[in-house]
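Visitor: Residue numbers (the working numbering): 23 to 168.
Yeah, the Cβ is synthetic: ideal placement off N, Cα and C, and Gly gets one too.
This structure is a prediction, so every number in the text was calculated from the model and none was measured.
One structure coming up, written as structure tokens, with questions to follow.
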Amino acid sequence: GLSLVVSSYSGEDVIVAFGGYNGRYNNEVHVLKPSHKSTLSSKMIETPVPDSVSAVQNNTNPTRDLESELEVGQEGKIREIVVDNVDSEPLISKHPETTEHLIATLKAEKEELESSLSKEKLQSIQLKQDLTEAESQNTDLYKVIA
């Protein structure tokens, strides 16, 4: 699996993700830097990979948002991707109308999916019956030929 290390480097908190196996071994290194900023502009920076990586002391603030990601590319460069922080508000609003509307929408989708599932089950039963009938006819034809 993927290995994660939480540490502090030059006074900056970082999360380093590396390794992993998904059908083949992965040698990419991703560095995530937490940030207190709420709005960030997107930018990409490429710099050469350092020859060595030193271990640093573990010290982080888990409540901070992730600001950037460093990737080691095939060319041996580190690409830093800085992304905007996502809104920390919960997805479901605390307004009763919004919650009721969401519940009604989910119930309607559930009913639609259940109806579609029932149709698929009926079609599956019909196809099984057709297959059984075709196999029976095939057996009868084989008996006539033999």
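1) Buried or exposed: V27, going by 16 or more other Cβ atoms within 10 Å of its Cβ?
2) Would you decide whether V53 is buried or exposed? Buried here means 16 or more other CB atoms lie within 10 Å of its CB.
3) Identify the continuous beta strand (DSSP E) that holds E34 and give its terminal residues.
4) Return the bridge partner residues of S30 from the DSSP annotation.
5) Cα separation between L128 and L139?
6) Please tell me whether V36 and S29 are closer than 9 Å, where the distance is taken between their beta carbons.
7) Among E142, E131, K55 and E155, which residue has its Cα nearest to the Cα of H34?
8) Can you tell me the Cα-Cα spacing of R46 and F40, whole angstroms?
Guide: Taking the geometry as given:
1) exposed
2) buried
3) Counted as a single uninterrupted DSSP element, the beta strand (DSSP E) harbouring E34 occupies residues E34 to G41.
4) D35
5) 16 Å
6) yes
7) The identity of residue 34 in the sequence shown is Glu, whereas the question assumes His. Per the Cα distances, K55.
8) So the alpha carbons of these two residues sit roughly 14 Å apart.
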